[in-house]
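Trainee:
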Amino acid sequence: ETGVTQSPTHLIKTRGQQVTLRCSSQSGHNTVSWYQQALGQGPQFIFQYYREEENGRGNFPPRFSGLQFPNYSSELNVNALELDDSALYLCASSKASGRAGEQYFGPGTRLTVT
Amino acid sequence: GQQLNQSPQSMFIQEGEDVSMNCTSSSIFNTWLWYKQDPGEGPVLLIALYKAGELTSNGRLTAQFGITRKDSFLNISASIPSDVGIYFCAGRDGTSYGKLTFGQGTILTVHP
Numbered sequence: 035e036t037g038v039t040q041s042p043t044h045l046i047k048t049r050g051q052q053v054t055l056r057c058s059s060q061s062g063h064n065t066v067s068w069y070q071q072a073l074g075q076g077p078q079f080i081f082q083y084y085r086e087e088e089n090g091r092g093n094f095p096p097r098f099s100g101l102q103f104p105n106y107s108s109e110l111n112v113n114a115l116e117l118d119d120s121a122l123y124l125c126a127s128s129k130a131s132g133r134a135g136e137q138y139f140g141p142g143t144r145l146t147v148t
Numbered sequence: 634g635q636q637l638n639q640s641p642q643s644m645f646i647q648e649g650e651d652v653s654m655n656c657t658s659s660s661i662f663n664t665w666l667w668y669k670q671d672p673g674e675g676p677v678l679l680i681a682l683y684k685a686g687e688l689t690s691n692g693r694l695t696a697q698f699g700i701t702r703k704d705s706f707l708n709i710s711a712s713i714p715s716d717v718g719i720y721f722c723a724g725r726d727g728t729s730y731g732k733l734t735f736g737q738g739t740i741l742t743v744h745p
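Sequence lines, in order, name chains R and F.
For any residue, its number in the working numbering is found by taking its place in the first sequence, counting from 1, and adding 34.
For any residue, its number in the working numbering is found by taking its place in the second sequence, counting from 1, and adding 633.
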């Protein structure tokens with residue numbers, strides 16, 4: 035069984051630029067959630083995608099957007115990057131039909147904005 | 634954003650000792666989960682709890698879903714060096730599918 039994978043592992047961007055992060059869900063999972071984890075903090079929910087649509091959103095501005103593809107993989111896009119966007123971005127997948135809340139995380143993408 | 638109150642923030646223990654940590658919230662949760670995160674990795678699910686009062690074990694780990702549904706506890710028995718890492722609690726309410734609210738983590742250090 036293949037786990038959640040994310041790419042790239044690390045990324046350095048300049049303030050004002052745009053970035054796209056990618057996630058492949060675990061085999062058999064059709065729901066993807068994205069989280070932002072600042073240094074020394076717990077993950078913060080950004081949004082969730084189910085059936086290629088946004089299914090719920092946390093307290094993040096519209097410049098954070100996403101996509102889900104028919105194979106359940108997902109992208110997180112961030113426009114007009116700010117210094118505070120520097121964080122570990124985590125993707126988690128789950129079975130929509132399974133025990134709700136059992137989300138399995140990928141290794142994350144470390145984004146640094148300079 | 635909202636976070637759960639997790640304590641203690643850090644623990645330094647000797648190998649073989651038992652460990653207890655807890656998480657509290659002002660809101661009710663339907664599901665409590667405990668994750669462990671190693672440096673440079675994503676959180677790994679340890680235990681999931683679905684009913685108030687539920688007590689669940691996973692090897693040397695035992696977790697409980699508080700009766701008030703506003704708290705949860707994790708115990709690790711006979712700690713070993715590989716238990717080192719950051720432990721996070723997470724709660725899921727019934728109003729938003731899949732959204733997890735995390736605590737700020739407990740950093741565990743185990744001295745051999």
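Every residue, glycine too, gets a C-beta built ideally from N, C-alpha and C.
Near Phe645/F, which residues of its chain fall below 8 Å by C-beta distance, leaving aside the five closest residues on each side in sequence?
Mentor: Thr742, His744
Trainee: Measure from the alpha carbon of Ala130/R to the alpha carbon of each residue in Thr36/R, Ser61/R, Cys57/R, Thr48/R, then state which is nearest.
Mentor: Ser61/R
Trainee: Please report whether the beta-carbon of Ser120/R lies at a distance below 8 Å from any beta-carbon of chain F.
Mentor: Cβ-Cβ to chain F under 8 Å: no for Ser120/R.
Trainee: Return the chain-ordered ranges of every beta strand (DSSP E) run that is complete within the region 44 to 116 of chain R and spans a minimum of 3 residues.
Mentor: 44 to 47, 53 to 58, 65 to 71, 78 to 84, 87 to 91, 98 to 102, 108 to 112
Trainee: Using a beta-carbon distance cut-off of less than 8 Å, what residues from the region 78 to 90 of chain R approach chain F?
Mentor: Gln78, Phe79, Gln82, Tyr84, Asn89, Gly90
Trainee: Contact criterion: CB-CB distance below 8 Å. Does Gly738/F meet it with respect to chain R?
Mentor: yes
Trainee: If we count Cβ pairs, one from each stretch, closer than 8 Å, do we get three or more for the region 717 to 732 of chain F versus the region 651 to 667 of chain F?
Mentor: yes
Trainee: Looking at C-alpha atoms only, which residue of Glu674/F, Glu650/F, Ile680/F is the closest neighbour of Leu122/R?
Mentor: Glu674/F
Trainee: Taking the alpha-carbon positions, what's the Pro42/R to Leu55/R distance?
Mentor: 7 Å
Trainee: How big is the Cα-Cα spacing for Asn93/R and Ser658/F?
Mentor: 19 Å
Trainee: Out of curiosity, what's the CA-to-CA distance linking Ser643/F and Val652/F?
Mentor: 11 Å
Trainee: Following the continuous beta strand (DSSP E) through Lys669/F, name the residue where it begins and the one where it ends.
Mentor: 664 to 670
Trainee: If Ser128/R sits next to Gly731/F, beta carbons under 8 Å apart, how far is it from one beta carbon to the other, in whole angstroms?
Mentor: 6 Å
Trainee: Whose C-beta lies closer than 7 Å to the C-beta of Gly718/F among residues of the same chain, with five residues either side of it excluded?
Mentor: Lys669, Gln670, Asp671, Leu741
Trainee: Tell me which residue opens and which closes the beta strand (DSSP E) that Ile719/F is part of.
Mentor: 718 to 725
Trainee: Tell me, which residues are paired with Ala681/F by DSSP?
Mentor: Leu666/F
Trainee: Would you check if the distance between the CB atom of Leu733/F and the CB atom of Phe79/R is smaller than 8 Å?
Mentor: yes
Trainee: Report the rounded CA-to-CA distance for Val147/R versus Gln82/R, giving the unit in angstroms.
Mentor: 24 Å
Trainee: For Phe706/F, is the classification buried or exposed, using 16 other Cβ atoms within 10 angstroms of its Cβ as the cut-off for buried?
Mentor: buried
Trainee: Which residues of chain A have a Cβ atom closer than 9 Å to the Cβ of Phe735/F, listed in chain order?
Mentor: Considering every chain present, this structure includes no chain A. Its protein chains are R and F.
Trainee: Based on Cα-Cα distance, which residue from Leu45/R, Arg49/R, Val38/R, His44/R lies nearest to Ala114/R?
Mentor: Arg49/R
Trainee: On the criterion of 16 or more Cβ atoms from any shown chain inside 10 Å, does Arg702/F qualify as buried, or is it exposed?
Mentor: buried
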